[in-house]
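First comes the structure, then the notes that go with it.
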Amino acid sequence: EAERKEGEEDDASFLSDIQTSAANDGDSEMVDGIQARLEQRGLRPKKHYVDRGYVSGANLAHSADKGTTLMGPALANNSPKPEGYRQSDFQIDFERQEATCPQGKLALGWCERPQEDG
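In structure tokens:
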């Protein structure tokens, strides 16, 4: 455990959990177990940073239900369906918090929320 110096902020903590699994177990299947072990030790994070393999609609929802925001890269849209829009059809400016649809209309508001499976 790292020593904290007097006056240091306690806002940023990086926690890790190590769990070996079978090669055919998907990363997304591990999130609930990781968070449960952290919670058992009184270390449930407010934000849980993960890589792309851990992000799913179910994991985002389960984490949110327990008060943890699951933070990871947005999943690519690899849908072979030709109809409808793809994520790449929209212009998204995170710095300005603006989104523009394919018809050039600017979104009326900005709200960050977990991506749903689909």
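So the sequence shown is numbered by the working numbering: it starts at 15 and just counts up by one. For each residue, glycine too, the CB sits at the ideal point set by N, CA and C.
Identity of the residues DSSP links to residue 112 by a beta bridge: Residue pairing by DSSP puts residue 112 in a beta bridge opposite 107.
Could you give the residue range of the alpha helix (DSSP H) that holds residue 52? For residue 52, the uninterrupted alpha helix (DSSP H) run begins and ends at 45-54, by DSSP.
Quick check on the burial criterion: 16 or more other C-beta atoms within 10 angstroms. Buried or exposed for residue 117? By the 10 Å Cβ count, residue 117 comes out exposed.
Measure the alpha-carbon distance for residue 19 versus residue 56 and round it to whole angstroms. Residue placement at residue 19 cannot be trusted, given a pLDDT of 49 that sits under 50; the coordinates are not used to answer.
Per-residue burial, residue 84 [other beta carbons within 10 Å of its own, 16 or more giving buried]: Burial call: buried.
Integer Cβ distance of residue 104 from residue 90, believed to fall under 8 Å: Their Cβ separation, rounded to whole angstroms, is 14 Å, which puts residue 104 and residue 90 out of contact at 8 Å.
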